[in-house]
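Everything in the sequence shown is counted per our numbering, starting at 262 for the first residue and increasing by one. C-beta: ideal position from N, C-alpha, C; glycine also.
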Amino acid sequence: MGKDSLLHNFAETAERVAATTKKLEKAALLGAYLREQNDEDLARAARYFAGQQFALKDARTTNVGSSVLRDALSEVTGASVEELRPRYVRLGDAGEVAYEVLREYKREALQPTITLAETESLISQLSELRGTKNKRALLTSVLARATALEAKYLVKLLLGDLRIGLKEGLVEDSIARAFETPLAEVAQANMMLGDIGETAVRARRAELHSISMRLFRPLKFMLATAAADLDDIARTMPAEFYVEDKFDGIRAQAHVEAGRVALYSRTMDEVTHRFPELEAPLATLATLAADVILDGEIVPARGPEILPFTELQKRLGRKTVSEELLRATPVVFIAYDLLYASGRMLIDEPLELRRRLLEELVTDEEGTLRLSRARRADSIATLDAEFDAARGRGNEGLMIKDPRSSYKPGRRGREWLKLKRAIATLDVVVTAVEVGHGKRRHLLSDYTFAVRRSEEDPELLNVGKAYSGLTDAELAELTEWFRQHTLQEFAHGRVRTVEPQIILEVTFDRVQESKRHKSGYALRFPRILRLREDKTVAEIDTLEAVRRLAENG
Ligand code: AMP
């Protein structure tokens with residue numbers, strides 16, 4: 262096994278993976294490379310091939326945008342930003358631009374020296390540095406000693422996507438091949454460990470079967486798809502299904518064992534300290550079952566009365582939670598799923614069983630720890646009335662769930678459908694921005710947005726453009742962000758393509774077929790409902806959701 266692997270070898274493997282379109286070949290090439298690495302480099306390489314700078318469970322980010330990378334490249338090569346710009350347009354990839362420019366500026370004499378360990382240290386330093394200036398200085402010093410090929414992959418990695426046709430699933434596949442382990446075991450371990458790097462190391466040590474779900478290691482959350490209308494629900498659900506209120510709060514996973522309670526947010530950050538009043542009620546669960554993992558929602562509520570989400574937002578902005586704040590904005594935990602209990606992993610069990618066990622643990626419907634009531638329905642006839650009743654209780658709408666469904670971490674399927682408003686909504690990502698008009702002429706306020714081609718295929722397809730719905734303060738902050746994360750500028754910066762990271766929830770009057778956008782659809786009268794900072798581009802809606810909305814008129 263090699264010592265201190267070089268980024269150069271990683272990059273060469275990546276080039277070979279990119280050169281073939283055959284998945285099997287990609288997995289074989291990657292598997293052979295991974296087998297050669299020592300444990301630490303194996304973990305690093307597996308993460309980097311999956312396009313991840315850190316383990317997924319690790320909340321750190323480097324927040325390096327394409328413009329700071331471009332500035333560093335310009336500093337290292339002496340090529341002006343104006344010289345670089347057309348290359349981004351032509352090559353469409355910041356890594357390719359770095360490669361081309363560094364080669365032209367005759368740096369062939371450099372020997373590859375950067376190791377994967379140094380790459381890791383660079384990434385972690387970048388996550389600690391504040392301010393564009395500091396980040397640029399560090400990047401400049403690294404790019405100055407990078408070969409063209411090293412720079413290409415550093416840049417790609419820092420932008421979070423190698424673009425070599427590898428997804429996390431295929432990296433799992435390569436690990437399975439390299440260490441002769443069933444793919445299902447690798448995928449399951451990765452999900453539970455939240456780290457493809459550690460998964461690879463454990464696969465090599467043949468330790469995967471011993472990884473059972475562990476407390477205090479959050480799992481990804483199962484997601485829901487918006488129902489187009491009631492008929493969509495009737496078509497999708499079996500004869501009998503569950504109907505629950507959809508609570509407007511913060512999704513949270515509670516891990517409980519005797520003497521310890523932890524709450525994790527959707528981004529897998531621990532948020533326990535923000536909600537001190539939930540600890541004691543959750544701790545009582547440990548007297549009923551040995552260990553417990555609950556999925557649910559933290560909702561502002563005073564007794565039985567659900568308070569508006571804006572109340573909770575007041576609390577989120579604060580660093581410390583004062584007694585006064587606790588009194589002014591009390592929260593409760595509403596449990597709707599049980600993922601683990603008394604040493605037994607439940608995610609592969611049907612929801613019906615998980616609910617039955619949950620109902621034994623949490624019975625109260627009005628306390629600080631409460632149960633989300635699930636009613637069994639066998640027709641959509643009552644759903645209109647149920648929707649109004651849920652709204653009357655201060656909730657957002659309804660969740661409809663298939664009792665047979667297993668819990669699928671990180672997946673947005675049709676086994677959970679959400680019915681939010683009388684109108685449908687889509688979660689989309691901003692791909693291009695434009696300056697506005699009138700008093701918004703100094704702001705990048707017009708947004709073109711996209712959905713994913715499918716759950717499996719992350720290609721982004723534009724579906725519409727929206728001008729309204731955000732506050733001026735939000736627009737000002739976003740304008741700055743978009744300037745920092747511009748991919749290409751047109752019309753002197755009045756139009757920009759941007760890194761697809763800003764997620765919006767949009768509504769519209771109708772979805773129509775249209776040739777205007779690549780998706781083949783356009784939204785009529787789109788409006789932005791809110792920014793979804795809690796979501797990533799992997800969690801936005803797909804073309805399939807758009808198609809259904811179009812079919813339903
Ligand atoms: P959305 O965030 O609009 O995609 O809707 C899905 C979210 O609804 C989930 O991530 C949960 O945070 C939330 N939610 C509220 N009530 C429920 C419920 N009863 N079951 C599942 N998810 C719920």
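| query | result |
| --- | --- |
| Applying the criterion that 16 or more other CB atoms from any shown protein chain within 10 Å of the CB defines a buried residue, is LEU410 buried or exposed? | buried |
| So, are the CB atoms of HIS746 and GLY326 less than 8 Å apart? | yes |
| Quick check: what's the CA-CA separation for MET262 versus SER382? | Note that MET262 scores a pLDDT of 48, beneath 50, so its modelled location is shaky; the value from the coordinates is reported in the next line. C-alpha separation (whole angstroms): 22 Å. |
| Assuming contact is defined by CB atoms lying nearer than 8 Å, are TRP677 and ALA412 in contact in what I supplied? | no |
| My output table needs one value for MET262: the three-state DSSP class, helix, strand or coil. | At MET262, the pLDDT of 48 sits below 50, so the modelled position is not reliable and the matter cannot be decided from this model. |
| Leaving out five residues before and five after ALA523 in sequence, what residues of the same chain have Cβ atoms less than 7 Å from its Cβ? | PHE477, HIS516, GLU531, THR533 |
| Compute every distance between the C-beta of ASP506 and the non-hydrogen atoms of the ligand AMP, then say whether any falls below 7 Å. | yes |
| What is the C-beta distance between ALA279 and ILE425, in whole angstroms, given that I count them as a contact (C-beta under 8 Å)? | 4 Å |
| For a test of your reading of the model: does the CB of GLU558 fall under 7 Å from any non-hydrogen atom of the ligand AMP? Yes or no. | yes |
| If you reduce the DSSP assignment to three classes, tell me which class ASN656 lands in. | coil |
| Give the straight-line distance between the Cα atoms of LEU483 and GLU344, rounded to the nearest whole angstrom. | For the record, residue 483 in the displayed sequence is Met; it is not Leu. When rounded, the distance between both Cα atoms is 46 Å. |
| Work out the CA separation of VAL432 and THR282 for me, nearest whole Å. | 15 Å |
| Are there any heavy atoms of the ligand AMP lying less than 7 Å away from the beta-carbon of TYR349, as far as the coordinates show? | no |
| Which one or two residues does DSSP pair with ASN723 in a beta bridge? | ALA711 |
| For LEU630, tell me which candidate among PHE743, PHE315, HIS698, VAL592 has the shortest Cα-Cα distance. | VAL592 |
| For the ligand AMP, is there a heavy atom less than 7 Å away from the beta-carbon of MET203? | Absent from the model: residue 203. The displayed extent of the chain is 262 to 814, so no value can be given. |
| Since GLY674 is in the beta strand (DSSP E), which residue starts that stretch and which ends it? | 673 to 680 |
| Would you say the beta carbon of LYS481 comes nearer than 7 Å to a heavy atom of the ligand AMP? | no |
| Is the number of C-beta pairs between the stretch 388 to 403 and the stretch 446 to 453 that are closer than 8 Å three or more? | no |
| Quick check on this structure: which residue in GLU558, ARG702, ARG521, GLY312 has the alpha carbon closest to the alpha carbon of ALA513? | GLU558 |
| Among the candidates GLU750, ASP733, ILE763, LEU285, whose CA atom is the shortest distance from the CA of TRP742? | ILE763 |
| If you follow the alpha helix (DSSP H) that ALA445 is in, where does it begin and where does it stop? | 444 to 454 |
| Let's test the definition: count the other Cβ atoms within 10 Å of the Cβ of ALA467 and tell me whether it reaches 16, buried, or not, exposed. | exposed |
| Where does the unbroken alpha helix (DSSP H) through LEU268 begin, and where does it stop? | 268 to 280 |
| Based on the DSSP output, what are the partners of GLN574 in its beta bridges? | GLN574 is not bridged to any residue. |
| I'd like to check one pair, LYS287 with LEU816: are the Cβ atoms closer than 8 Å? | Given that the chain is displayed from residue 262 to residue 814, the structure contains no residue 816 and the question cannot be resolved. |
| Return helix, strand or coil for ALA551, following the three-state DSSP convention. | coil |
| Quick one: does the C-beta of MET606 sit closer than 7 Å to a heavy atom of the ligand AMP? | no |
| Return yes when at least one heavy atom of the ligand AMP lies under 7 Å from the C-beta of MET529, else no. | no |
| Could you check the C-alpha separation between ARG744 and ARG346 for me, to the nearest Å? | 14 Å |
| Does at least one heavy atom of the ligand AMP sit under 7 Å from the Cβ of ALA650? | no |
| Measuring straight from C-alpha to C-alpha, what distance separates LEU291 and ALA307? | 9 Å |
| Name, in chain order, the residues that DSSP records as bridge partners for TYR525. | GLN514, GLU531 |
| Any beta-carbon of chain D closer than 8 Å to the one on ILE436? | Absence of chain D from the displayed structure is noted, only one protein chain being present. |
| Can you list, in chain order, the residues of its chain whose CB lies under 8 Å from that of THR460, leaving out five sequence neighbours each side? | ALA307, GLU433, ILE436, VAL447, ALA450, ASN451, LEU454, LEU469 |
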